[in-house]
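The opening residue of the sequence shown carries number 0 in numbering that gives the first Met the number 0; numbering runs sequentially from there.
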Amino acid sequence: MVALIKALQVILALSILIFIHELGHFTWAKIFGIRVEKFYLFFDVGGRRLCRWKWGETEFGIGWLPLGGYCKIAGMVDESLDTEQLKNEPRPWEFRSKPAWQRILVLFGGVLNNFIFAIAAYCVILGLWGQSYISNDESEIYASDLALDMGFRTGDRILALDDFVPENFGMIQADLARRNVGKVTVLRDSDTLDIYIDKARLGEVMNCPSLFDLAIPFVIDSVAPGSPNLLLRKGDRIVRLDSVSVAYLQDARNVLSDLAGENVPSIVMRGADSIAMHLQVDTAGMLGVIARIPSVRTRSYTALESVPAGLKYSWEVVTGYIRDLRLVFTPSTGAYKSVGSFIAIGQVMPASWDWLRFVNILALLSIMLGVMNLIPIPGLDGGHILITLWELVTGRKPSDRFLYVTQLIGMALLIALMVLAFGNDIGRLIH
Numbered sequence: 000m001v002a003l004i005k006a007l008q009v010i011l012a013l014s015i016l017i018f019i020h021e022l023g024h025f026t027w028a029k030i031f032g033i034r035v036e037k038f039y040l041f042f043d044v045g046g047r048r049l050c051r052w053k054w055g056e057t058e059f060g061i062g063w064l065p066l067g068g069y070c071k072i073a074g075m076v077d078e079s080l081d082t083e084q085l086k087n088e089p090r091p092w093e094f095r096s097k098p099a100w101q102r103i104l105v106l107f108g109g110v111l112n113n114f115i116f117a118i119a120a121y122c123v124i125l126g127l128w129g130q131s132y133i134s135n136d137e138s139e140i141y142a143s144d145l146a147l148d149m150g151f152r153t154g155d156r157i158l159a160l161d162d163f164v165p166e167n168f169g170m171i172q173a174d175l176a177r178r179n180v181g182k183v184t185v186l187r188d189s190d191t192l193d194i195y196i197d198k199a200r201l202g203e204v205m206n207c208p209s210l211f212d213l214a215i216p217f218v219i220d221s222v223a224p225g226s227p228n229l230l231l232r233k234g235d236r237i238v239r240l241d242s243v244s245v246a247y248l249q250d251a252r253n254v255l256s257d258l259a260g261e262n263v264p265s266i267v268m269r270g271a272d273s274i275a276m277h278l279q280v281d282t283a284g285m286l287g288v289i290a291r292i293p294s295v296r297t298r299s300y301t302a303l304e305s306v307p308a309g310l311k312y313s314w315e316v317v318t319g320y321i322r323d324l325r326l327v328f329t330p331s332t333g334a335y336k337s338v339g340s341f342i343a344i345g346q347v348m349p350a351s352w353d354w355l356r357f358v359n360i361l362a363l364l365s366i367m368l369g370v371m372n373l374i375p376i377p378g379l380d381g382g383h384i385l386i387t388l389w390e391l392v393t394g395r396k397p398s399d400r401f402l403y404v405t406q407l408i409g410m411a412l413l414i415a416l417m418v419l420a421f422g423n424d425i426g427r428l429i430h
C-alpha cells in the first residue's frame, strides 16, 4: 500500500511539473503567433496514446510512456525528429521564421514557468506553515560509520564548515559536499579541534543516506499510561542499561532490542542525582516511555513577508542544486553515483499523504527540472538556447542538418544519463 501511495505521488508530481514546463513553451509560442502542433503529457511513442483531443490547430493528449512530455512546435527540430516540415519553405507561423530573440523566449518559457511555480510554492509554504528546522546551535551529531572513519565522533558539535557557520542541522551534510569543504571545526567535550576532509570522499558523503544523525539524549518526556516503569519521571535521563552506557537514544534502541522481556538494572540521572533502579523491557524491546524530541525552531512570516522570503529561499535552493550538479560533473568526486531516477523520487515521497511535504518536494523538483533544462546539452532547452544565442551574436543561422545532428547527440546523452540514474537506483536497492 505504501509503495502504491508513493507511486501515485510520483506520477502526480511529474504530471504537474511536465504540464507547467510545457505550458511555458506553449504560451510564448502562441504569444508570437507560432503554431503548436502537439501538446502531450508523457510520450506517445509509436503513435500510441491513452487519449487525445483537438483544440484549434493543436492536438492535446496523454501518451503511454511516463518519462516526460513535449510540446511540438511547428518549424522546430525537437525530440520528435520530424524533418518533413523542414523540406518546405519557412512559413510565417513557424518557429524557424521568427526572430532569434522570440525563439529564445519560447525556448526559455518552460524553465521560466518552473522557477515561477517554485517561487510561488515556497511563498505559500512560508506564509502558511513557516520555515521549521532543527537549530545547529546546541545540536550534537550521532556519527555514522563513514563519519567515524572520516574522524568525527558521536557527541561532536559542528561549529564551522571552513568559514561557514551552519544554522540548520539538517543541511550540514549537504553543505559539507556542496561547499567543497576542506576543514570542519568541531567542539568535542570542551576542546575545539579541526577535522580535515579528504575531498576525494565527497562522493561517499553525497551517497551516504545519513552521514550525521542528530544525537538525542535519552531524556524522558512522559511515561505512557500502564507502563511498568512508573518510577521514571519527566526529565529523567537514562544513562546505563544492564551495565551498558547509553549516552543517546540511538544507543538505547540497540541495547533494548537485545533485552526484550527482561528486568534490567539501570542508572538514571535525575537532576544531579544518580539513581539505580530496575526497568522492565517489554517483548517489543520498549520501556513504555516517550523520549523528549529535539526542539524545532519555526520562523513565521506574514503574507507580505513570505514573498521576499520565498524568493530568497528559492535562490538558496537553486544555488545549492547548481553546486550539486558541479560535483556530479566532476568525476573524481564520485558524486555521479548519487544521480537518481523516478525510483529515487519515490523514496523521498511521504508514506502517507502530507500536503506540506508534497508541495515542498514538488517545488524542489520544479527547480531541479528548470536548472537541468538550462544545461547547454543539445536536446535540452539550454542547448537550443545556446545555439540560438550564437545565431543572435554572429548573425549566422545553423543549418537544419546541424540542428538535426545535435538533437541526435543530445538525445543519446540524455538516454545515457537516464541509464546511469536507473542503474544507480537499482544498485542502491540491491545493496
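Glycine residues also receive a C-beta, built at the ideal position from the N, C-alpha and C atoms.
Could you check the C-alpha separation between A275 and I237 for me, to the nearest Å?
Approximately 10 Å, taken between the alpha carbons.
Within the continuous alpha helix (DSSP H) that includes G68, where are the two ends?
Per DSSP, G68 belongs to no alpha helix (DSSP H); it is in the beta strand (DSSP E), 64-72.
Once you ignore the five residues that flank S351 on each side, which residues in its own chain have a CB closer than 7 Å to its CB?
Counting only Cβ-Cβ distances below 7 Å, and skipping sequence neighbours, we find I4.
First through last residue of the alpha helix (DSSP H) which encompasses N113:
For N113, the enclosing alpha helix (DSSP H) has its first and last residue at 99-127.
Per-residue burial, V295 [other beta carbons within 10 Å of its own, 16 or more giving buried]
The residue is exposed, with fewer than 16 neighbouring Cβ atoms inside 10 Å.
Pairwise C-alpha distance: L310 and C122
Distance between the alpha carbons of C122 and L310 is about 7 Å.
Skipping 5 residues on each side, what residues in its chain have a beta carbon closer than 8 Å to that of S331?
Closer than 8 Å at the Cβ level, and outside the excluded window around S331, lie A199.
CA nearest to the CA of F328, picked from M371, L355, S299:
With distances taken between Cα atoms, F328 lies closest to M371.
8 Å Cβ shell around F31 - same chain, five flanking residues per side excluded
For F31, same chain residues with a beta-carbon under 8 Å away, outside a window of 5 residues either side, are K97, Q101, L104, V105 in chain order.
For my contact list, I118 and S313 are in at a C-beta cut-off of 8 Å; report their separation, rounded to the angstrom.
Going by Cβ atoms, the distance from I118 to S313 rounds to 5 Å, so yes, they are a contact pair.
I need the boundaries of the beta strand (DSSP E) containing R178, first residue and last residue.
No beta strand (DSSP E) contains R178, which DSSP labels as neither H nor E.
Which complete beta strand (DSSP E) runs does the stretch 229-310 hold, if anything under 3 residues is left out?
DSSP assignment within the stretch 229-310 yields the following whole beta strand (DSSP E) runs of 3 residues or more, N-terminal first: 236-240, 262-269, 272-279, 288-290, 296-298.
May I ask you to report which of helix, strand or coil DSSP gives R200?
Looking at R200 - three-state DSSP - the assignment turns out to be helix.
Would you check if there are 3 or more beta carbon pairs closer than 8 Å linking the stretch 193-212 to the stretch 137-157?
Under the Cβ criterion (8 Å, minimum of three pairs), the stretch 193-212 counts as touching the stretch 137-157.
Endpoints, the alpha helix (DSSP H) within which S131 is located
For S131, there is no enclosing alpha helix (DSSP H); the residue is part of the beta strand (DSSP E) that begins and ends at 130-132.
Which residues DSSP lists as bridging N167, in chain order
Here N167 is bridged, per DSSP, to S134.
I need the DSSP call for D162, collapsed to helix, strand or coil.
DSSP, reduced to helix, strand and coil, places D162 outside both helices and strands of the structure shown, so it counts as coil.
Would you report the Cα separation of R47 and F18, rounded to the nearest angstrom?
Their backbone Cα atoms lie some 19 Å apart in a straight line.
Inspect the CB distances between the stretch 357-376 and the stretch 66-78 and report whether three or more fall short of 8 Å.
They do not touch, by the three-pair rule.
Going by beta carbon distance, what residues of the same chain come within less than 7 Å of E58, once the five residues before and after it are set aside?
Within the same chain, and ignoring the five residues on either side of E58 in sequence, the residues whose Cβ sits closer than 7 Å to its Cβ are E36, K37, R51.
Check whether the stretch 249-266 touches the stretch 186-195, taking contact to mean three or more Cβ pairs, one atom from each stretch, closer than 8 Å.
Counting Cβ pairs under 8 Å, fewer than three are found: no touch.
CA-to-CA distance, P216 to V245, given in whole angstroms:
For the pair V245 and P216, the Cα-to-Cα distance works out to about 9 Å.
Continuous beta strand (DSSP E) stretch holding G212: start and end
A small fix is needed here, since residue 212 is Asp in this sequence, not Gly. For D212, the enclosing beta strand (DSSP E) has its first and last residue at 211-213.
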